[in-house]
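Sequence positions in the sequence shown follow the UniProt record's numbering and run 1 to 66. What follows is a single structure, written as structure tokens, with notes after it.
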Amino acid sequence: MTCAVNNKIEVRGAIERKANVGSVLKCWLRKYRSRQLLATLDRHQLKDIGVTREEALQEIRKPFWR
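Spelled out as structure tokens, the structure:
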């Protein structure tokens with residue numbers, strides 16, 4: 001994902017700095033949508049992007065904030 005690596009720091013920092021919390025929400029939405037699309041790929045498509053089914057399932061099971 002293109003969002004910050006450590007979301008706890010990202011969110012805490014955004015709130016403490018009164019920064020644009022909208023960017024954090026957009027990041028979470030982007031992760032959620034990407035994982036939903038990943039869930040639709042079959043084994044051949046996953047192989048094309050260099051991801052095993054097990055790796056895909058591990059990513060899909062993550063909560064949107066991670």
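Glycine residues also receive a C-beta, built at the ideal position from the N, C-alpha and C atoms. Keep in mind it's a predicted model, so treat the numbers as computed, not measured.
Subject >> Start-to-end residues for the alpha helix (DSSP H) that takes in W28 >> reply: Position 28 of the sequence shown, counted from the start, is the residue given in the question as residue 28. Residues V21 to A39.
Original post:
Under the three-state reduction of DSSP, which class applies to I60: helix, strand or coil?
Top reply: In the sequence shown, the residue the question calls residue 60 occupies position 60. It is helical.
Original post:
If you run the structure through DSSP and keep just helix, strand and coil, what is D48?
Top reply: Within the sequence shown, the letter at position 48 stands for residue 48. Looking at D48 - three-state DSSP - the assignment turns out to be helix.
**OP:** Put R66 into one of helix, strand or coil per three-state DSSP.
**Re:** Against the sequence shown, residue 66 aligns to sequence position 66. Per DSSP, reduced to three states, the secondary structure at R66 is coil, with no helix or strand assignment.
**OP:** Please classify I49: is it buried, with 16 or more other beta-carbons within 10 angstroms of its beta-carbon, or exposed?
**Re:** In the sequence shown, the residue the question calls residue 49 occupies position 49. By the neighbour-count rule (16 or more Cβ atoms within 10 Å), I49 is not buried but exposed.
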